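Protein chains: 2
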Amino acid sequence: MNDALADSLPTEEPAPTTRCRILATAERFFREIGYQKTTVSDIAKALRMSPANVYRFFDSKKAINEAVVERITRDIEILIAGIAEAPGLSASDRVGEIVRALHHDCVERCRQNPRMHEIVEAAMTESWEACQHHVARISAVLVRVVGEGVRSGEFGVADPEVAALCVQAAILRYCHPGLVSQYPNMPGPPIEAMIAFLLRALRAPEA
Amino acid sequence: MNDALADSLPTEEPAPTTRCRILATAERFFREIGYQKTTVSDIAKALRMSPANVYRFFDSKKAINEAVVERITRDIEILIAGIAEAPGLSASDRVGEIVRALHHDCVERCRQNPRMHEIVEAAMTESWEACQHHVARISAVLVRVVGEGVRSGEFGVADPEVAALCVQAAILRYCHPGLVSQYPNMPGPPIEAMIAFLLRALRAPEA
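For the record, the sequence lines run as chains A and B.
The first sequence runs 1 to 207 under UniProt numbering.
The second sequence runs 1 to 207 under UniProt numbering.
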């Protein structure tokens, strides 16, 4: 059921509020008992509503998880878009700050929710397209920042798009909630060493 | 039970052969029905021996998986050590060839065994130390090659060890069997673009 349809149906309170309450409750259940064990009935019961009422807003648990993941990803996307536009920063500063923001956001969310990898795994299995859109929106910000660095002469890469995708792929170990949540002790250099290394690749003049 | 003890017990055939047969059968079961569903009894039955006999060689399913993973990882470790020592290659050639070998080996194994991520996940959960040793042995080869590149003046990084660890962390998306097996369509630039990008970072002179 889409939002427009849900909004047109009579509800005890405005639709956005009910939607938000369902999402907040779902997030709490996913965090406390895990995505797999949570049922739509659990969520409905906790909100003192019928499962049918939850289904008026989300047609499946998958749809609820997509909305939860969308809420999480939108926050970080807004944050890095802000870094890309902040005045007075060099392109190197922007790349460094974006990678730091992606990493710290990921670590913080995984710390707050030790079952994060379950949510992410469910999203990657059931809602692969939504995950790819999130990855693509981060790519777009990085491509823009790297492109500006090339135009200003700060970066020496021949193809800013490929270089930006290389940066994004290289930081997977630090920014992928599935990896960070499940294997917090995965070996690897500190994030600052990785940022410095990637900036060397961006800045070097084309051979 | 350790190997020395197993070897000292009377067996119908030389111990190494039985060990190898157990491992080959376990590998086949892990590939065909998955690690989780395989039991030590299944393996024993297929070999027409008692579970007790299997336990004389491996004291748990975990120990069998460790040996399976060790066999797989030893092959690739020998391959990349050979690249590190092959005559007539520049340090850049060696880094490129090692990354290609790690990637192709990983992709090929995951293609042959679509349940590879189960084996890897079990190893990472139950035998974290064995996994870390494998990662450390690959690090050692990369550190050596990057160090040689610095000494010959081909690479410009200040700390070869940190740079080698950055290369290793940056290629996770291409060489981690858990990721490659479970998410073969994960977005990212082609491996050759990533190799070229990482070589830019290695070659750039220290600022």
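We put the beta carbon where it would ideally sit given N, CA and C, even for glycine.
Computed from a predicted model, the values in this text were never measured in an experiment.
Put simply, the CB of residue 120 of chain A is far from chain B, with every gap to its CB atoms at 9 Å or more.
Counting along the chain, the unbroken alpha helix (DSSP H) around residue 178 of chain A starts and ends at 177 to 182. Taking 9 Å as the cut-off, the Cβ atoms of residue 114 of chain A and residue 181 of chain A count as close. Residue environment analysis places residue 90 of chain B among the exposed positions, since fewer than 16 neighbouring C-beta atoms fall within 10 angstroms of its C-beta. Sequence-distant partners of residue 30 of chain A (beyond 5 residues in either direction) whose C-beta falls short of 8 Å from its own C-beta, in its chain, are 38, 65, 68, 113, 115, 118 and 119. In the DSSP assignment, residue 160 of chain A falls within the unbroken alpha helix (DSSP H) covering 160 to 170. For residue 166 of chain B, the neighbours in chain A by C-beta distance under 9 Å run, in chain order, 170, 188, 189, 193, 194, 196, 197 and 198. For the pair residue 98 of chain B and residue 80 of chain B, the Cα-to-Cα distance works out to about 6 Å. Contact fails between the stretch 146 to 162 of chain A and the stretch 160 to 169 of chain B, because fewer than three Cβ pairs, one in each stretch, are under 8 Å apart. Distance between residue 158 of chain B and residue 25 of chain A, taken at the CA atoms: about 51 Å. With contacts defined by Cβ atoms closer than 9 Å, residue 173 of chain A and residue 73 of chain A do not form a contacting pair. Contacts with chain A (Cβ-Cβ distance below 8 Å) from the stretch 109 to 138 of chain B involve 124, 128, 132, 135 and 136, listed in chain order. Secondary structure note for residue 57 of chain A: its alpha helix (DSSP H) is the uninterrupted segment 51 to 57. For the set A:177, A:60, A:40 and A:56, the Cα lying nearest the Cα of residue 103 of chain A is the one of A:177. By alpha-carbon distance to residue 20 of chain A, the top candidate from A:200, A:106 and A:47 is A:47. Within the same chain, Cβ atoms closer than 7 Å to the Cβ of residue 175 of chain B are found at 102, 103 and 106, the five residues on either side in sequence being excluded.
Counting other Cβ atoms within 10 Å of its Cβ, residue 96 of chain A reaches 16 or more and is therefore classed as buried. Judged by DSSP secondary structure, residue 73 of chain A falls within the alpha helix (DSSP H) whose first and last residues are 61 to 85.
DSSP places residue 186 of chain B in no alpha helix (DSSP H); its state is neither H nor E.
At a cut-off of 9 Å, the C-beta of residue 179 of chain A has a neighbouring C-beta in chain B. Counting only Cβ-Cβ distances below 8 Å, residue 204 of chain A has contacts in chain B at 200, 201, 203 and 204, in chain order. Residue 61 of chain A and residue 27 of chain A have their C-alpha atoms some 12 Å from each other. Using a C-beta cut-off of 8 Å, the stretch 192 to 201 of chain A makes no contact with the stretch 185 to 194 of chain B, since fewer than three inter-stretch Cβ pairs fall below that distance.
Contact note: residue 100 of chain B does not reach chain A at a C-beta cutoff of 9 Å; the least C-beta distance is about 16 Å. If you ignore the 5 residues before and after residue 121 of chain B, its C-beta comes within less than 7 Å of the C-beta of 178, all in its own chain and listed in chain order. At least one beta carbon of chain B lies nearer than 9 Å to the beta carbon of residue 182 of chain A. By the neighbour-count definition (other C-beta atoms within 10 Å, threshold 16), residue 50 of chain A is an exposed residue.
Cβ neighbours of residue 204 of chain B within its own chain (closer than 6 Å, five residues either side excluded): 156.
Under the DSSP assignment, residue 142 of chain B falls in the alpha helix (DSSP H) whose first and last residues are 128 to 151. In the structure shown, residue 197 of chain A falls within a helical segment according to DSSP collapsed to helix, strand and coil.
Between the beta-carbon of residue 84 of chain A and that of residue 141 of chain A there is about 5 Å, and that keeps the pair under the 8 Å contact cut. Ranked by Cα distance from residue 186 of chain A, the options B:132, B:161 and B:162 are led by B:132.
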